[in-house]
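Only one structure is covered here, and it is reproduced in the block below.
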Amino acid sequence: MNALVYLAQEAEEQSPLVPPVPELVIGLIAFAIVFFFLAKKLLPNINRVLEERREAIEGGMEKAEATQAEAQQVLEDYRAQLADARHEAARLRQEAQEQGAALIAEMRAEGQRQREEIIAAGHSQIEADRKQAAQTLRQDVGRLATDLAGRIVGESLEDVARQSRTIDRFLDELETKAADGSKAEAGR
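The structure is reproduced here in structure tokens:
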């Protein structure tokens, strides 16, 4: 019993931080078994799973980068198509404006031509009407003048040739007097 007491006293004298030697040996053996088990069985599985995960992440990142590059290319293509569409729309708009301006100019020219034709036709009609009115007026004035002269003279002036010469001479004198009067007014 002495030995037990001695060991108990010796155990009491040891520091609480330093474990007894048999526990230390058993702990090291247990640690070596766990370490061997972890190093041979568990650690390769963990490394394999981590490697697979790393590859999956890297593959996912590569896929994401490829997808992003593809999306960027599609975006650039879309922007190029949009720019082309805008240029085409601007060209069509410009072309339509030019066609509209040409059509307006053509319609104005056609309207001007028609107006000139109408004015020319109107002038021709007025001139023809004026000549016809002058002729009718000459005949009426001539007839009235011969009737009046016949009443004054007391004889019938039925000779058509004489009547026509007299009327023409009378009207020519009137026209000459009218022309001289308008020249005199213009000189003032």
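With this note's numbering, the residue at position 175 of the sequence shown is 317, and numbering never jumps. A virtual CB, placed ideally from N, CA and C, is assigned to each residue, including glycine.
Cβ pair count under 8 Å reaching 3, the segment 307-316 against the segment 274-289: The answer is yes - the segment 274-289 touches the segment 307-316, with three or more Cβ pairs under 8 Å.
C-alpha gap between Val216 and Ala244, whole angstroms: What you label residue 216 is simply residue 74 of the sequence shown in a count that begins at 1. What you label residue 244 is simply residue 102 of the sequence shown in a count that begins at 1. If you take the alpha carbons of Val216 and Ala244, they lie about 41 Å apart.
Pro161 (DSSP reduced to helix, strand or coil): By one-based count along the sequence shown, residue 161 stands at place 19. Of the three classes helix, strand and coil, the one that applies to Pro161 here is coil, per DSSP.
Span separating the alpha-carbon of Ala213 from that of Arg235: In the sequence shown, the residue the question calls residue 213 occupies position 71. In the sequence shown, the residue the question calls residue 235 occupies position 93. Roughly 32 Å separates the two Cα atoms.
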